[in-house]
Structure formats: structure tokens, C-alpha cells
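Note sheet for the following structure.
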Amino acid sequence: MKIQDLNHSLTPTALQNLNESIAAQLLLDQEKSSDYAMLRTLLAERDRLIKDHLNSLSVSEKRQFSEKELVVNRLLEELAFKLLESSKEEIIQFVRGKAAVKKYK
1 MKIQDLNHSL TPTALQNLNE SIAAQLLLDQ EKSSDYAMLR TLLAERDRLI
51 KDHLNSLSVS EKRQFSEKEL VVNRLLEELA FKLLESSKEE IIQFVRGKAA
101 VKKYK
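Pasting the structure below:
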């Protein structure tokens, strides 16, 4: 996922900075392992920032911001589902490998 996917014309600066951290963490997680604890922390912070920002907007601004954020959230949801499926596959492979090792002992 690219940083451009997470930001839009109404993204506040604080959220842009956090989105950069999320994009960097996603890149790091793809290169390393399946430890997504930091990503989860960043996404929780993102949720808090968005809620705080929504509280500071007028009704019409809330609507515009929400519509743009909905697109971003759907992308993040899709990514999370893919990560979940990938983790499930890793667990299945681990369990099969463990069973194979026991079989050959």
C-alpha cells in the first residue's frame, strides 16, 4: 500500500504523519515477518485521530471527510483481510511441518 492510498485532500497533517508510519510499517512487515503488533497500534491511533478530527468539524465538513475516509478504510480493511489470510496460511504450514517432524522422529 502506498502513502497516496491513505491520504486525500482533506487529510489533516497529524493523520498524514501517522499514515506515513503505517505505510512504512506495512512495507517493513512485508519484508520481515508476520508480527503485526506495531501495525495494530498504529491503526488504533489512526482511529483515535480520525474520531478527534471528526469532532472538530462542521456537519458538512464531517460528511465530506467521512466519504473520503470511507474509501481509505475499505482499502485498509481489504489489506487486513489479506494479512489475516496470509497468517492463517503460515499457521497451517507450521502445523503441517511440526506434524511431519514428529512423524519422522
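Those letters in the sequence shown? Residues 1 to 105, per full-length UniProt numbering, in order.
Cβ coordinates follow ideal geometry from the N, Cα and C atoms, glycine included.
These numbers come from a predicted model, not from an experiment.
{"Check": "Candidates Asp-47, Gln-25 and Arg-46, of which the one nearest Met-38 by Cα", "Outcome": "Gln-25"}
{"Check": "Helix, strand or coil at Met-1 according to DSSP, with G and I counted as helix", "Outcome": "coil"}
{"Check": "Buried versus exposed, by CB contacts within 10 Å (16 or more), Phe-65", "Outcome": "buried"}
{"Check": "Assigned secondary structure, Asn-7 (DSSP; H/G/I helix, E/B strand, else coil)", "Outcome": "coil"}
{"Check": "Val-71 versus Thr-41: straight-line alpha-carbon distance, rounded", "Outcome": "21 Å"}
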